[in-house]
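Each residue of the sequence shown is one higher than the last, beginning at 2 in the working numbering.
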Amino acid sequence: MPQPPRRRIAMFLDGTWNTVADNTNVWRLHALCARTSADGLDQVLYYDQGVGTRLGEQFRGGIFGYGLDRNIMSAYRWLVETYSPGDEIFVFGFSRGAFTARSLMGLVARCGLLQPGAPLSLEEVFERYRRALTLRPLYRLEFEQRELRRREKRGGTAMDDPPIYPLSREEASLLAYCKRVPIKMVGVFDTVGALGVPFGTSHWFHNTHLSTIYKHSYQALGIDEHRAAFAPTLWTRFTPDPPDASARRSKRSATITEQRWFVGAHANVGGGYPANKLSQLPLAWMVEKAESHGLTFRYPVIVDGDSHRDQIVDSYSQFMYGFYSKVTNRHQRIIGALRRTVTKGYSDNVNESIDPSVFARWREDRHYRPPGLVDWAERRKLDPAQLTAVIPA
């Protein structure tokens, strides 16, 4: 029988160039979050403004991801110092902070959460994360140790058993002192770029994929963001070809993940534009999801009946004082992308959906015809004007 949680830990990681004055949805979630839950548990909170917020770092942080590793390490260090077995972990992020949140959880999934007092340092764990594409991840080490015990029970290694290599000293310490702790919820707003770093090239080692340690994963996405450098990073599911047992296991992620499309550009969804009510819709959705998993907030999020009709900011034309639009083409986001062929199999976006407010805007504003939504409706042979509920994309 599962034990009740001890505490709820909630981490809030904000986006590029954002400060508390920007009133992003991540900052609002942090400000709304109660210090004690409705069922009497302590809620322990962490907030980080994100990369590119310190003097002199705006350009390097915003364009090349300078400071990204430091922010992940700071959040990981805090989690190591704060977490105790039985705590529930919630992690939220927007924009680059969404990438930070996903990479932080990827670090926990790949290398585990370090136990205080271990002979391994935080820097050693992070360096192993950096090199994880060529090293055995923690879950692989755990599997191999279970397999060795199974072989010992049956009396030895069979001729057709795959080889299992001895543990290095670092791997032995990783097994002894790092644990792949469960993550109750990951909630992000519009993760951007191929890895959240629009023009960076030194951060490809980061793991931002779904993991079996995540219990619930949610992402709010903006239909009307047209900067190619801010293309969204959706969670995907890999299906091997030919199929194997991992294909059956990977389908479990589809039952705990939702990626919902909303009206608006990047910061219409993640918040930050002055007095813009579009961001209330994804904020209310994320609060509803977090509350359903036990997190308590001090106040409800109020969504006006006309919130979906507020101004969509033309971030493409405004970005870099208009210079960006002169050197790049307007990018259209794809809703309900078709299956893609990748090495050794296929890749599908996991559980995309479209919020009812999108269809309400379509009905009430004859000029609102985003190409991505038009293309989706044509592929599905649906009339958006007739839709009034959440629709799987």
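By construction, the Cβ of each residue, glycine as well, lies at the ideal position given by its N, Cα and C atoms. Please read all numbers here as calculations on a predicted model, not as lab measurements.
Would you give the residue range spanned by the beta strand (DSSP E) that residue i belongs to?
i	result
L14	9-14
A221	218-223
W262	258-263
V391	Counting along the chain, V391 falls outside any beta strand (DSSP E), and DSSP gives it neither H nor E.
I355	353-355
Y347	346-350
V343	341-343
T240	237-241
Going by DSSP, what residues sit across from residue i in a beta bridge?
i	result
Q44	R9
A91	According to the sequence as given, residue 91 is Phe; it is not Ala. In DSSP, F91 forms a bridge with A11, M186.
Y274	According to DSSP, Y274 bridges with nothing at all.
Y422	Because the chain in this structure spans residues 2 to 394, residue 422 falls outside the shown range and cannot be described.
T37	D43
Using a Cβ-Cβ cut-off of 8 Å, state whether residue i counts as contacting chain C.
i	result
P371	Among the chains of the structure shown, chain C does not appear; only one protein chain is present.
Output the distance between the C-alpha atoms of residue i and residue j, rounded to the nearest integer angstrom.
i	j	result
Q319	S326	8 Å
K382	D376	10 Å
Y300	Y317	34 Å
G373	Q333	6 Å
G346	P183	28 Å
A378	D384	6 Å
L14	Q387	38 Å
T389	A361	7 Å
P5	P241	37 Å
V27	H294	18 Å
A102	V187	8 Å
M74	G51	12 Å
V314	T192	18 Å
R7	R380	48 Å
L149	L176	14 Å
P244	W236	20 Å
L33	Y215	23 Å
List the endpoints of the continuous alpha helix (DSSP H) containing residue i.
i	result
R370	Segment: none, R370 is in no alpha helix (DSSP H) and carries neither H nor E.
R131	123-131
L284	281-293
V81	69-83
G98	97-112
C231	Here the sequence assigns Phe to residue 231, which means Cys is not the residue at that position. Looking at the DSSP string, F231 is not in any alpha helix (DSSP H), and its letter there is neither H nor E.
A177	170-178
Comparing alpha-carbon positions, which option in the options lies nearest residue i?
i	options	result
T209	S85, G68, Y130, T297	Y130
G273	Q4, R7, P5, R29	R29
D49	A39, L33, W79	W79
I336	G68, W262, V45	W262
T329	A230, T213, L114, V189	A230
I303	L296, V288, R310, Q312	V288
E82	R364, S122, P138, S174	S122
H217	E259, K180, G118, S85	E259
A232	L134, F100, V126, H31	F100
Exercise. Are the region 262-270 and the region 223-237 in contact at 8 Å, needing three or more beta carbon pairs?
Worked result: yes
Exercise. Is it a yes or a no for the region 142-159 touching the region 86-101, going by three-plus beta-carbon pairs under 8 Å?
Worked result: no
Exercise. If you pair each beta-carbon of the region 161-173 with each one of the region 66-75, do three or more pairs fall below 8 Å?
Worked result: no
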